[in-house]
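Colleague: Numbering (our numbering), first residue to last: 2 to 413.
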């Protein structure tokens, strides 16, 4: 009886020991399993980055000119109004030209006179002119000889006290005047018979040239009584009226070429490096859009804004867009490929660099990254992750570097 009890006690102890051993083994297995953390992962993908800048600006004529009269006068005709299409050299308006026509006529008369003088020096005098000059010499000689005789006789009388000092001087002056007349007549006769000297010919020719220049200037001034368009375009504004007395230089019309339009865009200086002459730009006006081209990039920044003006030219042959309208221009400032991850995969705490956990051999490897653009709730990874790397996107908050992990099925 005692033997049976001892056997039961020993058997119970063995069973108890075995039960305790099994329990410890099960607990250890469960602990090891709980250290492998459940996560979700996703492969890094390469996506295109198209950065578009949208900047608004006001349309302007591609070419614009403010037109003014160069002469003063009363406006006698207005040939165009706002909105009129004009071609280069079309007459826009005129001022009273009568005074300027008289100046041309007077200048022409002076040219004719100078031309006659030139012909005379070149061709010489006619026979009739020569005979007239010779006759004047003979008449002057007769008058001089008579004056000499009269002076000699009266000199004798004066010395005898028969005439006064005043009478004596009168005859003396008459002789001197007759002598000068004779010399002048001889000189004129000599010029007619011998012809003009080279110096005289040059003087006559210079006078003719000057008369012609004066005439040309008068004709030019007359032509300026008609105001002409300097360009092909449309009349944008008119600031004169019929009958108005206008001074030279006062603006009369503004003409603009709107076959093409231009718009100045204020581009931030940090973005200007992505703009190039020749780049395509899409311009939008309400529900309409047209393509434009970058035609100029200004050399300096705007003093007030720090931005840089970029000129975009837009074809507008059908004139459906107008100067003064505001358009929004879109420009692809960046077009490249980048590696992207869901933004939740990137961890950034405190002052530390952002990092991710890359999945390698069922382990979470902490890797520092450099981030770039945010696109559609995804972050561009500029360094640290390559395309197709498997990156943990859920469960990172419980991870440390080199932890064992198990990837669960994705919900996608």
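Backbone N, C-alpha and C define an ideal beta-carbon position, used for all residues, glycine too.
In angstroms, rounded to a whole number, what distance separates the CA positions of residue 232 and residue 343?
Modeller: When only Cα atoms are considered, residue 232 and residue 343 end up about 58 Å apart.
Colleague: Could you pull the DSSP bridge partners for residue 416 from this structure?
Modeller: Missing from the structure shown is residue 416; the chain here goes from 2 to 413 and no further.
Colleague: Tell me the start and end of each unbroken alpha helix (DSSP H) in the stretch 143-167 that is at least 4 residues and wholly inside, in chain order.
Modeller: Here no run is fully enclosed.
Colleague: Going along the chain, which residues of its own chain have a beta-carbon closer than 6 Å to the beta-carbon of residue 284, five neighbours each way excluded?
Modeller: 291, 293, 315, 328 and 330
Colleague: Under three-state DSSP, which class holds residue 54?
Modeller: For residue 54, the three-state secondary structure derived from DSSP is strand.
Colleague: For residue 269, does the count of other Cβ atoms within 10 angstroms reach 16, so buried, or fall short, so exposed?
Modeller: A residue is called buried once 16 or more other Cβ atoms fall within 10 Å of its Cβ, and residue 269, having fewer, is exposed.
Colleague: How long is the line joining the alpha carbons of residue 296 and residue 216, rounded to whole angstroms?
Modeller: 46 Å
Colleague: By how many angstroms is the C-alpha of residue 241 removed from the C-alpha of residue 210?
Modeller: 39 Å
Colleague: Using the Cα positions of residue 308 and residue 299, report the straight-line distance between them to the nearest angstrom.
Modeller: 10 Å
Colleague: Output the distance between the C-alpha atoms of residue 335 and residue 373, rounded to the nearest integer angstrom.
Modeller: 13 Å
Colleague: Would you mind working out which of 57, 58 and 69 sits nearest residue 248, comparing C-alpha positions?
Modeller: 69
Colleague: Please confirm if the stretch 248-259 is in contact with the stretch 104-118, defined as three or more CB-CB distances below 8 Å between the two stretches.
Modeller: no
Colleague: First and last residue of the beta strand (DSSP E) that includes residue 329?
Modeller: Residue 329 -> beta strand (DSSP E) spans 327-343.
Colleague: Can you list, in chain order, the stretches of the beta strand (DSSP E) that have 3 or more residues and sit fully within the stretch 193-262?
Modeller: Runs of the beta strand (DSSP E) lying entirely within the stretch 193-262, each at least 3 residues long, are 227-229 and 234-239 in chain order.
Colleague: What residue range is occupied by the uninterrupted beta strand (DSSP E) comprising residue 39?
Modeller: 38-44
Colleague: Go ahead and pull the three-state DSSP assignment for residue 278.
Modeller: coil
Colleague: Spell out the partners DSSP gives residue 170 in its beta bridges.
Modeller: None; residue 170 has no bridge partner.
Colleague: Among 93, 75 and 71, which one has its Cα closest to the Cα of residue 81?
Modeller: 93
Colleague: Could you tell me how far apart the beta carbons of residue 245 and residue 76 are, in whole angstroms, since I believe they sit closer than 8 Å?
Modeller: Contact flag correct, Cβ pair sits at about 5 Å.
Colleague: From this set, 393, 376 and 363, which residue's C-alpha is nearest residue 357's C-alpha?
Modeller: Per the Cα distances, 393.
Colleague: Is the distance from the Cβ of residue 286 to the Cβ of residue 338 below 9 Å?
Modeller: no
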